[in-house]
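> Encoded as structure tokens, here's the structure I'll be asking about.
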Amino acid sequence: MRSEDEVSKRHVTTRCALPTEWHCMALTFDMFCVSLFSPGVILYMYNGTYVNVFGYDLNRDWYIAIYNTFFFVGDSASRKIWYHIDVIHPFLFLILSAFGATIGLLGIPEIAPLCGFLVAYANGSIYVQATKVIDTVDDRYNLVSLSTWLFVGDIGSVIGSNLISYLY
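Heads up, the sequence shown is in the working numbering, so the first residue is 106 and it goes up one at a time.
Shown next, in the form of structure tokens:
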């Protein structure tokens, strides 16, 4: 039987090895949104040959390319910006994800690329902020911490991917 000191020490070691619950939950919701809107459901919403944007018929392939460009810029910019800023609570970024998802589900082609930008911006921000936190973990537990965080995030990704056909 273990002494209270051993159990306490083991608990402290485990707590130091794992990312915070907030970062895990934030990544789960984030990956849910990313899997739904990268481009995910957007492909089903705009599935004709052309997409009417500002009164003009735009080839669907060009529209999806524009959407994906917004997604790329959002993710890339946020990683560069938030890498140099102190860690803040990850749920603040989920406001961007929720707002972006709402925009995407409205079905307005003129503002749908903003959905991609916001969801991707939140994604990049959450990734860079959480990895900064994980970098503070003892080197012996760094890989375990990162793997746990990514595994929990994948739960949201799987759920989001499976909901695409039900949403549209």
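We put the CB at the ideal spot given by N, CA and C, even for glycine.
1. Please determine if the region 167 to 187 and the region 226 to 245 are in contact, where contact requires at least 3 C-beta pairs separated by less than 8 Å.
2. In three-state DSSP terms, what is residue 158?
3. Which of the three DSSP states, helix, strand or coil, is assigned to residue 267?
4. Across which residues does DSSP place residue 199 in a beta bridge pair?
5. Please classify residue 167 as buried or exposed, where buried requires at least 16 neighbouring CB atoms within 10 angstroms.
6. Evaluate residue 256 with the Cβ neighbour count: other Cβ atoms within 10 Å of its Cβ, from every protein chain shown; 16 or more gives buried, anything less gives exposed.
Here's the rundown:
1. yes
2. strand
3. helix
4. Answer is none; residue 199 lacks a bridge partner.
5. exposed
6. exposed
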